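Working notes, beginning with the structure itself.
Residue numbers (this note's numbering): 1100 to 1371.
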């Protein structure tokens, strides 16, 4: 994982492709919410009780595109633009989108697991957004972020502060209407994703290396078996030179026959 350094951060700059799509998508769903009404939240907001007892699994992902009010969506989309664009430039669009969705879905799963019987819907992209903050702090740990555009704080310290706040709020089960489990879940998934290097190209390399090692292990096993067989054949040939072929046991004759087949197969493979 590469780390980047810079002394300050004022924002995300020009919109990157995936951030632009996410901004437009969330805005479009927000408008649809106001046209359709609360029924959209009933079906697509995250209600742990419905996920567990009725199998409404789509809610674990759909909730992250719904928002509770104008300030809610504006804040989330501002943070997405401010930090997401730079992460997308560092990782590329495909990797960034995968990370964003994984953090959001992971945050939803966290919410279901930790409040499995709740009938209160959770909505908003905050789980994914908190994952974005974690990624930013891990990519640019010493980057200064100006809180309220006035107070400079290093990214790593700001995210640690948020993590502590969300953890304390989660264990206290505060009834402030904020999805602290989702926030914490997004941060945990994001941290594990980066620390474990789950990015697509690294997973591809991992499975490629795993397959190579497995094939090499199989070849090594066959080579060792062949060496053992040939050692046994040498012993049998020594016996033949001493006492003759007629004094071989059935097992020794079977070994010679097996060795003959093995050598024939190897010869055919080389000719092919």
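All residues carry an ideal CB built from backbone N, CA and C; glycine is no exception. For clarity, every value in this text was computed on a predicted model and none was experimentally measured.
Distance, residue j Cα to residue i Cα
{"i": "residue 1344", "j": "residue 1336", "result": "9 Å"}
{"i": "residue 1332", "j": "residue 1357", "result": "10 Å"}
{"i": "residue 1105", "j": "residue 1130", "result": "Here the model assigns residue 1105 a pLDDT of 44, short of 50, so the residue's position is not dependable, and the following value carries that caveat. Approximately 37 Å, taken between the alpha carbons."}
{"i": "residue 1266", "j": "residue 1212", "result": "15 Å"}
{"i": "residue 1294", "j": "residue 1139", "result": "36 Å"}
{"i": "residue 1158", "j": "residue 1144", "result": "6 Å"}
{"i": "residue 1172", "j": "residue 1313", "result": "49 Å"}
{"i": "residue 1193", "j": "residue 1137", "result": "33 Å"}
{"i": "residue 1275", "j": "residue 1268", "result": "For residue 1275, the predicted structure reports a pLDDT of 48, less than 50, and the residue's modelled location is therefore unreliable. The matter cannot be settled from this model."}
{"i": "residue 1355", "j": "residue 1348", "result": "11 Å"}
{"i": "residue 1317", "j": "residue 1324", "result": "11 Å"}
{"i": "residue 1107", "j": "residue 1249", "result": "Confidence at residue 1107 is low in this model, with a pLDDT of 43, below 50, so its placement is unreliable and the value that follows should be read with caution. Using only the alpha carbons, I get a separation of about 12 Å."}
{"i": "residue 1203", "j": "residue 1134", "result": "25 Å"}
{"i": "residue 1167", "j": "residue 1156", "result": "21 Å"}
{"i": "residue 1262", "j": "residue 1227", "result": "14 Å"}
{"i": "residue 1288", "j": "residue 1233", "result": "9 Å"}
{"i": "residue 1341", "j": "residue 1319", "result": "33 Å"}
{"i": "residue 1121", "j": "residue 1321", "result": "53 Å"}
{"i": "residue 1205", "j": "residue 1169", "result": "25 Å"}
{"i": "residue 1215", "j": "residue 1270", "result": "15 Å"}
{"i": "residue 1328", "j": "residue 1352", "result": "13 Å"}
{"i": "residue 1361", "j": "residue 1339", "result": "20 Å"}
{"i": "residue 1359", "j": "residue 1315", "result": "25 Å"}
{"i": "residue 1186", "j": "residue 1330", "result": "60 Å"}
{"i": "residue 1116", "j": "residue 1201", "result": "18 Å"}
{"i": "residue 1210", "j": "residue 1132", "result": "22 Å"}
{"i": "residue 1240", "j": "residue 1153", "result": "42 Å"}
{"i": "residue 1278", "j": "residue 1253", "result": "25 Å"}
Limits of the beta strand (DSSP E) - the one that residue i falls within
{"i": "residue 1122", "result": "Counting along the chain, residue 1122 falls outside any beta strand (DSSP E), though it belongs to the alpha helix (DSSP H) covering 1116-1135."}
{"i": "residue 1251", "result": "1250-1253"}
Which residues DSSP lists as bridging residue i, in chain order
{"i": "residue 1245", "result": "1251"}
Nearest residue (CA-CA) to residue i, options the options
{"i": "residue 1243", "options": "1257, 1233 and 1194", "result": "1257"}
{"i": "residue 1198", "options": "1229, 1339 and 1223", "result": "1229"}
{"i": "residue 1184", "options": "1292, 1238, 1354 and 1268", "result": "1238"}
{"i": "residue 1255", "options": "1280, 1326, 1226 and 1290", "result": "1290"}
{"i": "residue 1235", "options": "1189, 1215 and 1200", "result": "1189"}
{"i": "residue 1225", "options": "1160, 1320, 1360 and 1292", "result": "1160"}
{"i": "residue 1219", "options": "1152, 1148 and 1191", "result": "1148"}
{"i": "residue 1207", "options": "1141, 1327, 1292 and 1280", "result": "1280"}
{"i": "residue 1151", "options": "1125, 1217 and 1175", "result": "1217"}
{"i": "residue 1164", "options": "1128, 1141, 1191 and 1245", "result": "1128"}
{"i": "residue 1222", "options": "1334, 1231, 1175 and 1361", "result": "1175"}
{"i": "residue 1196", "options": "1170, 1329 and 1118", "result": "1118"}
{"i": "residue 1260", "options": "1283, 1116 and 1315", "result": "1283"}
{"i": "residue 1124", "options": "1327, 1154, 1353 and 1179", "result": "1179"}
{"i": "residue 1247", "options": "1264, 1177, 1201 and 1292", "result": "1177"}
{"i": "residue 1162", "options": "1142, 1181, 1315 and 1338", "result": "1142"}
{"i": "residue 1264", "options": "1186, 1286 and 1201", "result": "1286"}
{"i": "residue 1181", "options": "1153, 1200, 1191 and 1231", "result": "1231"}
Extent of the continuous alpha helix (DSSP H) run through residue i
{"i": "residue 1166", "result": "Run containing residue 1166: none; DSSP gives neither H nor E here."}
{"i": "residue 1146", "result": "Per DSSP, residue 1146 belongs to no alpha helix (DSSP H) and is neither H nor E."}
{"i": "residue 1281", "result": "1279-1294"}
Residue i Cβ short of 7 Å to the ligand COA heavy atom set
{"i": "residue 1328", "result": "In the structure shown, the ligand COA is absent, as is every other ligand, since no ligand is present at all."}
(request) Could you tell me which uninterrupted beta strand (DSSP E) segments, each at least 3 residues in length, are contained entirely in the segment 1181-1234, listed from first to last along the chain? (result) none
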